[in-house]
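Reviewing the structure listed below.
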Amino acid sequence: MSSRTGNVPLATAGLLIGMLLSVLDQTVVAIALPDIAADLGGMDAIGWVVTSYVLASTATGALYGRVSDRFGRRAVSVTAVVVFAAGSALCGLAQSMPQLIAARTVQGIGAGGLFVLPTIALSELYPPRLRSRVQGFTGGVFALAGVGGPLAGGAITDAWGWRWIFYVNLPLSLLGVALTAYALRLPTPGAHGRADVAGAVLLAGAMVSLLLVAEWGGRVYAWTSGTILGLVGALVVLTALFVRQERRAADPLLPPRLFAHPALRTALPAAALLGALLGGSIVYLPTYLQAGYGMGATQAGLALNPYVLTFMAVSFLAGARVGASGRFRPYLMAGAAIAAVGFAVLGGLTPSAPYLLFAAGIAVLGAGFGLLMQNLVVVAQNAAPPADLAATTSAVVSVRGLGLSLGVAVFGSLLTRELQGRVPGPAATAAAIPEVLFWGVPAAAALLGLVALLPRNVRAASAPS
436 MSSRTGNVPL ATAGLLIGML LSVLDQTVVA IALPDIAADL GGMDAIGWVV TSYVLASTAT
496 GALYGRVSDR FGRRAVSVTA VVVFAAGSAL CGLAQSMPQL IAARTVQGIG AGGLFVLPTI
556 ALSELYPPRL RSRVQGFTGG VFALAGVGGP LAGGAITDAW GWRWIFYVNL PLSLLGVALT
616 AYALRLPTPG AHGRADVAGA VLLAGAMVSL LLVAEWGGRV YAWTSGTILG LVGALVVLTA
676 LFVRQERRAA DPLLPPRLFA HPALRTALPA AALLGALLGG SIVYLPTYLQ AGYGMGATQA
736 GLALNPYVLT FMAVSFLAGA RVGASGRFRP YLMAGAAIAA VGFAVLGGLT PSAPYLLFAA
796 GIAVLGAGFG LLMQNLVVVA QNAAPPADLA ATTSAVVSVR GLGLSLGVAV FGSLLTRELQ
856 GRVPGPAATA AAIPEVLFWG VPAAAALLGL VALLPRNVRA ASAPS
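436 is the number of the first residue of the sequence shown in this note's numbering; add one for each residue after it.
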């Protein structure tokens with residue numbers, strides 16, 4: 436604890452509460468969608484209750500780091516939580532499907548900062564040698580919220596109704612704001628020049644175009660339809676304009692100089708691929724438990740404990756060992772290899788497979804992700820100069836979020852394809868999901884190849900704050 440950083444334990448708690456809320460609201464809503472549709476109508480637009488949140492949070496995430504360079508981590512963190520809380524209140528008060536989708540968009544705009552900003556601030560609150568250990572906590576929060584979301588959503592909806600899955604965010608948001616405002620004290624980097632608003636708009640447009648192609652292509656619209664081809668064209672044009680803008684901007688959102696370091700050139704695509712694997716597994720593991728073993732939402736959430744516990748334990752323990760040495764590559768390679776084994780076990784499940792085999796598969800998967808998730812972020816942070824810490828962290832976390840959204844969409848398309856020609860029902864779903872999860876094996880192998888390209892040691896030169 437110091438006067439420069441305020442009360443570090445309380446600041447850490449406030450930041451982690453915001454992070455928990457951000458991830459939780461990606462998954463907590465899914466279980467309540469039938470109740471929401473029954474109450475508000477608009478079944479044809481129900482998917483946008485989830486999609487609008489994901490699009491808004493993914494598109495705005497990269498901007499928060501640069502904004503916090505100008506106005507300070509504390510002020511921007513508090514603002515993000517307040518926007519998230521306002522969106523949550525509006526969600527609970529919504530009287531129609533369009534109102535709920537609009538409110539979810541507001542909520543997502545706030546949520547865009549609630550994973551990026553804590554990841555930046557925690558790396559400044561603690562010395563570089565402790566980054567891996569501290570960021571291990573954020574990996575545990577991600578696992579707990581990602582898998583616990585359906586469990587919490589089901590319990591709250593059954594007990595009090597769907598509106599309370601949004602109202603419960605309000606006291607937690609208030610606590611997070613109070614802790615962060617009181618305890619977080621970090622010097623404001625004081626970035627000069629205008630904020631790169633044009634770059635942020637172009638990047639957001641490109642991300643939204645890519646996500647809509649992945650979400651709609653082959654399911655809502657044919658791949659050769661005018662809508663999909665138009666979105667692909669928009670993606671290409673917006674990406675080209677974004678690259679041009681970043682080369683010309685005085686204070687770019689994503690400085691081109693970052694890509695001069697080999698660790699950053701590798702960490703960004705690796706983070707995207709890891710996000711896709713995380714998204715594909717987190718969404719469909721609870722579905723498999725419900726379809727294959729006849730579990731309810733609460734029971735399925737509890738049955739995923741092997742995944743959550745190994746993810747949290749390995750993330751924390753590995754972070755404690757890696758941080759001082761700077762030797763990230765062996766741990767990251769081991770994580771990718773272990774994840775591939777986990778996907779292979781899950782991909783080989785049959786309808787008669789015992790739960791213990793499933794539990795072993797998800798425990799192995801959790802261990803692999805625990806080695807990978809936050810250590811990839813720390814590699815990028817250590818490779819970046821202190822002045823570019825926020826931009827680097829925002830880029831890695833946003834790219835991982837984009838990969839997560841793409842992974843959900845791609846795995847969903849694979850599941851739709853596997854279910855074609857089968858008699859609809861839980862048995863067909865339980866048989867198809869392992870075949871979809873097996874695609875995680877080559878993806879994890881590709882991730883292994885990527886992290887093998889990292890430099891042997893990536894140490895932070897100095898503390899960033």
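Quick reminder that beta carbons are idealized off the backbone N, C-alpha and C, glycines included.
Considering residue i, what are the terminal residues of the alpha helix (DSSP H) in which it resides?
| i | result |
| --- | --- |
| residue 460 | 443–462 |
| residue 823 | Counting along the chain, residue 823 falls outside any alpha helix (DSSP H), and DSSP gives it neither H nor E. |
| residue 780 | 764–782 |
| residue 542 | 532–560 |
| residue 662 | 661–683 |
| residue 509 | 508–528 |
| residue 658 | No alpha helix (DSSP H) contains residue 658, which DSSP labels as neither H nor E. |
| residue 631 | Residue 631 -> no alpha helix (DSSP H), and no H or E assigned at all. |
| residue 688 | Premise fails: residue 688 is in no alpha helix (DSSP H) and is neither H nor E. |
| residue 601 | 599–602 |
| residue 469 | 468–475 |
What do you get for residue i, buried or exposed, if any count of 16 or more other CB atoms within 10 angstroms of its CB means buried?
| i | result |
| --- | --- |
| residue 494 | buried |
| residue 835 | buried |
| residue 651 | buried |
| residue 583 | buried |
| residue 519 | buried |
| residue 585 | buried |
| residue 675 | exposed |
| residue 845 | buried |
| residue 898 | Because residue 898 sits at a pLDDT of 41, beneath the cut-off of 50, its placement in the model cannot be relied upon, and the following sentence gives the value as read from the coordinates. It is exposed - the Cβ of residue 898 has fewer than 16 other Cβ atoms within 10 Å. |
| residue 749 | buried |
| residue 764 | buried |
| residue 790 | exposed |
| residue 437 | Summary for residue 437: the model assigns pLDDT 45, below 50, so the residue's position carries little reliability, and this model does not support an answer. |
| residue 446 | buried |
| residue 813 | buried |
| residue 735 | buried |
| residue 489 | buried |
| residue 809 | buried |
| residue 694 | exposed |
| residue 774 | buried |
| residue 778 | buried |
Taking DSSP as the reference, what is the three-state secondary structure of residue i?
| i | result |
| --- | --- |
| residue 856 | coil |
| residue 839 | helix |
| residue 709 | helix |
| residue 619 | strand |
| residue 652 | strand |
| residue 481 | coil |
| residue 873 | coil |
| residue 593 | helix |
| residue 899 | Note that residue 899 scores a pLDDT of 40, beneath 50, so its modelled location is shaky; the value from the coordinates is reported in the next line. In the structure shown, residue 899 sits in coil (DSSP, three-state: anything other than H, G, I, E or B). |
| residue 574 | helix |
| residue 642 | helix |
| residue 747 | helix |
| residue 891 | coil |
| residue 808 | helix |
| residue 788 | coil |
| residue 739 | coil |
| residue 624 | coil |
| residue 924 | Outside the displayed span of the chain (436 to 900) sits residue 924, for which this structure offers no information. |
For residue i and residue j, which I take to be in contact (beta-carbon distance under 8 Å), what is that distance rounded to the nearest angstrom?
| i | j | result |
| --- | --- | --- |
| residue 597 | residue 467 | 4 Å |
| residue 666 | residue 553 | Rounded, the Cβ-Cβ distance is 32 Å, inconsistent with contact. |
| residue 592 | residue 722 | Residue 592 to residue 722, Cβ: 17 Å. No contact. |
| residue 463 | residue 612 | Not quite, the Cβ-Cβ distance comes to about 20 Å (not below 8 Å), so this is no contact. |
| residue 838 | residue 641 | At roughly 14 Å, the Cβ-Cβ gap does not stay under 8 Å, so residue 838 and residue 641 are not in contact. |
| residue 798 | residue 742 | 7 Å |
| residue 621 | residue 830 | With a Cβ gap of about 20 Å, residue 621 and residue 830 do not count as contacting. |
| residue 656 | residue 871 | The pair is not a contact, with the Cβ atoms about 21 Å apart (cut-off 8 Å). |
| residue 702 | residue 501 | No, residue 702 and residue 501 are not in contact; Cβ-Cβ is about 19 Å, not under 8 Å. |
| residue 711 | residue 842 | 3 Å |
Should residue i and residue j be called a contact, given that it needs their Cβ atoms to be closer than 9 Å?
| i | j | result |
| --- | --- | --- |
| residue 587 | residue 454 | no |
| residue 770 | residue 876 | no |
| residue 828 | residue 819 | yes |
| residue 510 | residue 541 | no |
| residue 648 | residue 670 | yes |
| residue 708 | residue 556 | no |
| residue 506 | residue 615 | no |
| residue 746 | residue 795 | no |
| residue 646 | residue 840 | yes |
| residue 497 | residue 522 | no |
| residue 484 | residue 532 | yes |
| residue 571 | residue 804 | no |
Run the proximity test for residue i: is its beta-carbon closer than 8 Å to any non-hydrogen atom belonging to the ligand COA?
| i | result |
| --- | --- |
| residue 790 | Inclusion of the ligand COA in the displayed structure is not the case, the ligand content being empty and no account of it being possible. |
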